[in-house]
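Peer 1: The structure is given below, and queries will be raised subsequently.
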Amino acid sequence: MPTITRQLHQSLLSGAVTSTALVQRCLNQIAARDGQVKAFLQIDADNALAQAAAIDARRQSGQSAGRFAGLPVGLKDNICVMGATATCGSRILENFISPYDSHVAERLKAEGAVLLGRTNLDEFAMGSSCENSAFAVTRNPWDLERAPGGSSGGSAAAVSAGMLPLSLGSDTGGSIRQPAALCGIVGMKPTYGRVSRYGLVAYASSLDQIGPFAGDVYGAALIMEAIAGHDRRDSTSVNLPVPSYTQTVDQPLAGLKIGVAREHFVEGLDPAVEQSVRAAIEVYRSLGATIIEVSLPRSRYCVAVYYMVASSEASSNLSRFDGVHYGHRSENHGNLAEMYAASRAEGFGDEVKRRIMLGTYALSAGYYDAYYKKALQVRRLIREDFDAAFQSVDLILSPVTPSSAFKIGELTSDPLAMYLQDIYTLSANLAGIPGLSIPCGYSPSGLPIGLQLLGPHFSEDRLLRAARMYESVTDWHSRRPAIAVD
Ligand code: GLN
């Protein structure tokens, strides 16, 4: 199946392909490939085919089939869809069925997308490899011994393996951009406030954003124009007009000034990644961009700051899973306090417990000023670094990850090494700015490498256009892993 959304979309719009045929093809690919990849936690084939049939019927009777015209989209299993699971990759929500649609699910349905399947993730989106899921370890379609990245690893692997053209993930510290990079596809974290999180199970509320995965920039633009925009049910969602991203995505940007930060090319960066990113800089130069060195001096604090802020917010957000309001309730309990403790001890996995303990500690009366408040102060400085840099450049270009995909099990015994996976992605969440990952090369062993574009708040249009400029003169995005070849 071609994972190039633009072609698939054209075939649907022209009537050359029906949504039913496309969804059936996806279901066949899933049946053939997902036994190995394990990208999905749940598939409701009958429901997907019924959605597709309804969209085809609308088109055949001359009504609008919506912006998506029946393209299938997979949703990470922490984004609620009415009647479907929302396990968040956790035992504690194993039997939870969502009674309502998230904002993004509502928007996608209204625009004629077929919601096909629930994709795997690290438990409560905490992780960088998909190994923290309570249910399955998703595998990287490029090398089944390797991790697809995380936490939205299932969404990335499903698109990369050609089982679906589009999917949604959530990105709190890199969980869209990092798996997109490791799986060789496009992924985008929008500006904080651009997309409503109503119906996204909260991890760290001041950082979480929902965003797209696609095989090409056009697909990301298509999803963005459907899901962005104000929603009064998420008080952080911003009331700004939503540009028609697909209309502008092919317009090159003239006089582009691109910043390259010296702090992004330091020890720990794999030479193959550095080489590919530097080559991408030259591609932009040849397209007429001016490359300007910028400095983000506080980047070196971003891992420490992020893990303080994210864990603190997680410890508060996850207190709702107590076996009463939601989730698993232990059978082995005496009084109420014991029941809470036993339910949570049985329901949460190790990484989630680690974050809850870290966050509770950082928020406790004696340590709040020293840890949590200090982290917030440094967070502000990290944002100021970006504000200063964007005075002189339109975009900042960097690696997405320090290396290409690592082996499953390679980093699980060393949480810090796992946290360092996110060193290039975390600061965009801390600053609230948008970031996009696009394929820019392959390692000597054939694993994908990603290029990150960062822009000022609400510059999604610029990021997509700049990414498309690069995509239109390179062909990294058209390579597919062997498993995805029909
Ligand atoms: N890997 C980071 C974490 O574990 C980021 C996860 C995310 O963006 N959801 O917190």
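If you count the sequence shown from 1, you need to add 631 to reach the numbering used here. Positions of the beta carbon are idealized from the N, C-alpha and C atoms, including for glycine. All values derive from a computational prediction rather than experimental measurement.
(1) So the candidates are SER695, THR718, ARG664, ILE723; which of them puts its Cα closest to the Cα of ASP953?
(2) Taking all protein chains shown into account, decide if ASN1123 is buried (16 or more other Cβ within 10 angstroms of its Cβ) or exposed.
(3) How far does the beta strand (DSSP E) with VAL925 in it extend, from its first residue to its last?
(4) By how many angstroms is the C-alpha of ALA652 removed from the C-alpha of GLU924?
(5) So what's ASP1053 in DSSP terms, helix, strand or just coil?
(6) Could you check whether ARG777 and ALA1036 sit closer than 9 Å to each other, using their CB atoms as the reference points?
(7) Taking the C-alpha atoms as reference points, what is the distance between ALA911 and ARG1110?
(8) For PRO633 and ASP901, I'd like the C-alpha separation in whole angstroms.
(9) On the criterion of 16 or more Cβ atoms from any shown chain inside 10 Å, does GLU1102 qualify as buried, or is it exposed?
(10) For ligand 1, is there a heavy atom less than 8 Å away from the beta-carbon of TYR1050?
(11) Let's see if you can read the secondary structure: which residues bound the alpha helix (DSSP H) around GLN1008?
(12) Have a look at LEU853, THR716, THR718, PHE755 and flag the residue whose alpha-carbon is nearest the alpha-carbon of ILE635.
(13) Please say whether GLN655 and ILE1114 have beta carbons closer to each other than 9 Å?
(14) Can you give me the start and stop residues for the alpha helix (DSSP H) that TYR829 sits inside?
(15) From the DSSP output, which residues share a beta bridge with GLY990?
(16) Decide if the segment 715 to 732 is in contact with the segment 796 to 810; the criterion is three or more beta carbon pairs, one per stretch, under 8 Å apart.
(17) Let's see if you can read the secondary structure: which residues bound the beta strand (DSSP E) around LYS1121?
(18) Just grab the DSSP bridge partners of TYR1073 for me.
(19) Is the separation between the beta-carbon of ARG864 and that of TYR823 shorter than 9 Å?
(20) Nearer than 8 Å: is that true of the beta carbon of ALA663 relative to any heavy atom of ligand 1?
(21) Look at the Cβ atom of LEU747, then the Cβ atom of LEU795, and state whether they are nearer than 9 Å.
(22) Heavy atom of ligand 1 less than 8 Å from the Cβ of ASP1053, yes or no?
(23) On the DSSP bridge assignment, give the partners of GLY890 in chain order.
(24) List the endpoints of the continuous alpha helix (DSSP H) containing ALA910.
(25) If you draw a straight line from the alpha carbon of ALA1048 to that of TYR1055, how long is it in whole angstroms?
(26) Assuming contact is defined by CB atoms lying nearer than 9 Å, are LEU658 and ALA676 in contact in what I supplied?
(27) Does any heavy atom of ligand 1 sit closer than 8 Å to the C-beta of ASN1060?
(28) So is the beta-carbon of GLY1063 under 8 Å away from any non-hydrogen atom of ligand 1?
(29) Which residues bound the alpha helix (DSSP H) around GLN667?
(30) Give the single residue among SER729, VAL897, ASP847, PRO1065 whose Cα lies nearest to the Cα of ASP881.
(31) Could you give the distance in angstroms between the alpha-carbon of ALA670 and the alpha-carbon of GLY805?
(32) Can you tell me whether PRO633 is helix, strand or coil according to DSSP?
(33) At a cut-off of 8 Å, is GLY919 close to ligand 1 when judged by its beta-carbon and the heavy atoms of the ligand?
(34) For ASP732, is the classification buried or exposed, using 16 other Cβ atoms within 10 angstroms of its Cβ as the cut-off for buried?
(35) Note down, in chain order, each residue of its chain lying with its Cβ closer than 7 Å to the Cβ of ARG929, except the 5 sequence neighbours on either side.
(36) Taking the C-alpha atoms as reference points, what is the distance between LEU813 and GLY780?
Peer 2: Looking at the atomic coordinates:
(1) Nearest of SER695, THR718, ARG664, ILE723 to ASP953, Cα basis: ILE723.
(2) In the structure as shown, the chain starts at 632 and stops at 1117, and residue 1123 therefore has no counterpart that could be examined.
(3) 921 to 925
(4) 50 Å
(5) Judged by DSSP in its simplified three-state form, ASP1053 adopts helix.
(6) yes
(7) When the Cα atoms are used, ALA911 and ARG1110 turn out to be separated by approximately 17 Å.
(8) Residue placement at PRO633 is poorly supported in this model, since its pLDDT is 43, which falls under 50; the coordinates still yield a value, given next. Spanning the two alpha carbons is a distance of roughly 31 Å.
(9) buried
(10) TYR1050: yes, Cβ under 8 Å from ligand 1.
(11) 1005 to 1023
(12) The residue with the shortest Cα to Cα distance from ILE635 is LEU853.
(13) Going by C-beta atoms, ILE1114 is not nearer than 9 Å to GLN655.
(14) Segment: none, TYR829 is in no alpha helix (DSSP H) and carries neither H nor E.
(15) GLY990 pairs with nothing; no bridge assigned.
(16) no
(17) This structure cannot speak to residue 1121, because the chain is shown only from 632 to 1117.
(18) PRO1079
(19) With respect to the 9 Å criterion, ARG864 and TYR823 are not classified as neighbours on the basis of their beta carbons.
(20) no
(21) yes
(22) yes
(23) ILE923, ILE1027
(24) 902 to 917
(25) Each residue's CA atom was taken as its position, placing ALA1048 and TYR1055 some 14 Å apart.
(26) yes
(27) yes
(28) no
(29) 650 to 668
(30) ASP847
(31) 18 Å
(32) Interpretation of PRO633 is limited by its pLDDT of 43, a score under 50 that renders its predicted location unreliable; no figure is taken from the coordinates.
(33) With a cutoff of 8 Å, GLY919 does not count as near ligand 1, since its C-beta is closer than that to no heavy atom of the ligand.
(34) buried
(35) Once the five neighbours on either side are set aside, the close Cβ partners of ARG929 are VAL1009, LEU1012, ILE1013, ASP1016.
(36) 6 Å
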